[in-house]
Structure formats: structure tokens, C-alpha cells
Amino acid sequence: MPTPQTQQNDKDMVYELGNLALMSDALETESGQGGLNRALQIISVLQTTLDSDALIEIFSQEISVMIPHHSILYEHPAQGIRREVGTAAKHSCSYQLSAAGQSLGQLTITRKKKFDRQETMLFEHLLCSLVYPLRNALLYKGALTAALRDPLTGANNRAAMNAAIIREIELARRHNTTLSLIALDIDLFKQINDEYGHTAGDYILKSVVERISDCIRSSDMLFRYGGEEFTILLSNTDKEGAMLLAERIRRTIYTSSYQYGDVLIPTSASLGVACIRGNDDASTLFERADMAMYDAKNAGRNCVKFAQKN
């Protein structure tokens, strides 16, 4: 196991470790051997879950008797993960985790009292128990994400929408909050494919997703429903808010420049908006938004329509 490089000042102590493997060479110290034995025991507990948040919680609990601490923070920016157990204290040890050349993020342990050398050595050996369960959890999360993501545009796919709309309707009813759905279709998309080619059509699809993403909130959910049709699920959003957002999206798409090679491709979209009603389920809410979108098409395209009452 590599020796950590230490940086120390009056405020804290930070250890950086370049690489941790599940098993290291035989340890010469008694505490080190004990650390490996304890790591093997912890592995069986950590293998009970593929959730990275749960792994960090379990790991913190399992090592607390051997290494008292106030908090453990796990961060993996590339996967959007940040999980903190406890409350951060003054002194910290930080480790960059990796396995088989794959970065697994950074883990930081803190407490009010400085960690001594024996504790840091023990902690490094205990980290061996975390590395591969954590790697498996990240791989599992990546597989789930890929299964719910449209590979071309990066938007959530139809399977993700089907699950999300059911969940959001249940939450809206439980908390008596509003919920809106926008259906969006790129105008004359077949004509774009026929005139400029399918790679140009792919470029337009990806560009439109970028424009939509620039307009929506972090809590809004964008899905590629199929072909050139997209949906946007808006929690805690009433008719007025949904119509304002839909118009902003329409205007942004229409006024943007789409340069493909030497040509500019004019692009617009038609949008339909529906808000949840008392008897709505996932199908009826989508159908009303979809019908409103076709009303926008029939009204001349490049406009926004709200779902009719019937």
C-alpha cells in the first residue's frame, strides 16, 4: 500500500493517497495486520448493498469503534455524488480512491482531535474493505443510468419518463401540489432529415436538447419520448408557470442559430401543456399534453397551446 503524502498546517491535517487496492502486501506491524483482518470482516457487511450512500453510512458505522470520528464525506463529482455522514470537524484526512485504473472519488474523514499515525495507518487498511464494494456500486449506478438515458441526446428516455410521471403524480396528490407536463415536437423534422441528411437531424436533436436544458430548472425533468418528440415534467408548477416556461423554450429554440457545416438549418418547435387534474393518471396527463401539442401544430406550428378541458 503506498505511503500517503502529508500536508499539515495549524488548521487541519490532510493525507492524500494515490491508489488503494483491496489487498496489499503483508503488513509488518501488528496494527496493520489487524487492520487487514478487520477489513475482511467489513467486506461481508458492505457487500449487502449496491447503493453508494448506504455503503458510506455502513462504513462509517463499522469503523467508528476502532477510529472515532465526527464525519465521513464521500464525493464523486463525475457521477454527481456527494454523501456526508455526521458533521465536519476541524481535522481531516482525505483519500483519492481508485481501483484498476478507475477513479472512485474522494473520501474524507474528520474529527475535532488530530489523527495520529497509527490511526491513519489503520484507516488506510480499513479503506481496503470499501474500494471494491464501492466500485461495484458505481458500476451498478452507471448501468441503471445508461438504461434510462437516450444515448444520442443525453436526455432521459421513455422508460425513465414512464416511471417518473407515475411517481410525480403520486407525490402531487400526497402533498396536494401542482404538476404540469409539456409535450414538444420539432417542426418539419422529416423535412430536415430529407433535405440535410440524418446526421444533420441528429445534430438538431442534440442542439434542441441543449436549448431546452438551458431553459429549465434543475428540478424539471426532460425526456426524449421518441423520434423528435420530447416531454418536460414540471413539479410544483401551475398553468401560468408551465405556459411561461413553454413559451421561453419555444422562443429559445426558434431564435437560436443551428449551423451544420456550411448551412444554417431553420428550426422551431410546437408545444402542448397540460396540468394534472383530479382524475388524471400517467396516460391521461400525457394524452392531454400531446393533444395540445397537435393543436399547436394545426395552428401553424412554432407556438404553444394549453390542453382543452375535455
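For the sequence shown, this note's numbering begins at 5 and goes up steadily by one.
All C-beta atoms, glycine included, are put in the ideal place defined by N, C-alpha and C.
How about residue i and residue j: are their beta carbons less than 8 Å apart?
i: Lys116; j: His129; result: no
i: Arg292; j: Ala311; result: yes
i: Ala246; j: Cys279; result: yes
i: Ala92; j: Thr124; result: no
i: Gln213; j: Thr157; result: Here residue 213 is Val; the residue named in the question, Gln, does not match the sequence. Closer than 8 Å, so yes.
i: Tyr136; j: Ala103; result: yes
i: Gln83; j: Leu126; result: no
i: Gly109; j: Ile85; result: yes
i: Asn160; j: Ala286; result: no
i: Ser75; j: Val89; result: yes
Please report the straight-line C-alpha distance between residue i and residue j, rounded to a whole angstrom.
i: Gly265; j: Arg252; result: 27 Å
i: Thr256; j: Leu248; result: 12 Å
i: Lys313; j: Leu59; result: 49 Å
i: Gln263; j: Leu148; result: 34 Å
i: Ala151; j: Ser217; result: 20 Å
i: Arg221; j: Arg215; result: 12 Å
i: Arg162; j: Ser223; result: 18 Å
i: Ile208; j: Asp191; result: 11 Å
i: Ile62; j: Gln195; result: 56 Å
i: Cys219; j: Gln45; result: 49 Å
i: Cys307; j: Ser239; result: 23 Å
i: Leu54; j: Glu199; result: 48 Å
i: Pro4; j: Arg254; result: Not covered by the structure: residue 4. The range shown for the chain is 5 to 314.
i: Asp242; j: Thr182; result: 6 Å
i: Ala204; j: Arg305; result: 21 Å
i: His73; j: Ala164; result: 39 Å
i: Ile47; j: Cys97; result: 22 Å
i: Leu268; j: Ser261; result: 7 Å
i: Leu111; j: Ala250; result: 41 Å
i: Asn140; j: Leu226; result: 28 Å
i: Ala296; j: Lys309; result: 5 Å
i: Thr52; j: Arg178; result: 32 Å
i: Phe193; j: Gly105; result: 43 Å
i: Tyr99; j: Gln122; result: 16 Å
i: Leu134; j: Glu244; result: 49 Å
i: Asp294; j: His80; result: 38 Å
i: Asn180; j: Lys118; result: 49 Å
i: Gly201; j: Ser211; result: 15 Å
i: Asn197; j: Gly146; result: 32 Å
i: Tyr298; j: Asp206; result: 23 Å
Assuming the contact rule is C-beta atoms closer than 8 Å, residue i and residue j should be a hit. Round their C-beta distance to whole Å, please.
i: Ala168; j: Leu237; result: 6 Å
i: Asp154; j: Arg228; result: 4 Å
i: Leu101; j: Leu138; result: 7 Å
i: Arg87; j: Asp120; result: That pair is no contact at about 26 Å.
i: Leu289; j: Ile173; result: 7 Å
i: Ala300; j: Gly276; result: 6 Å
Taking 7 Å as the cut-off, is the beta-carbon of residue i closer than that to any non-hydrogen atom of the ligand MN?
i: Gly304; result: Looking at this structure, you won't find the ligand MN or any other ligand, since it has none at all.
Touching by the beta-carbon criterion (3+ pairs, under 8 Å), the segment 181 to 197 and the segment 228 to 240: yes
Three or more C-beta pairs below 8 Å linking the segment 128 to 145 and the segment 61 to 79: yes
Uninterrupted beta strand (DSSP E) stretches inside the segment 209 to 233 (no shorter than 3 residues): 225 to 230
Complete runs of the beta strand (DSSP E) confined to the segment 148 to 206 [at least 3 residues]: 183 to 190
Alpha helix (DSSP H) segments (min. 4 residues) lying fully within the segment 80 to 144: none
Complete alpha helix (DSSP H) runs within the segment 258 to 303 (minimum length 4 residues, chain order): 286 to 302
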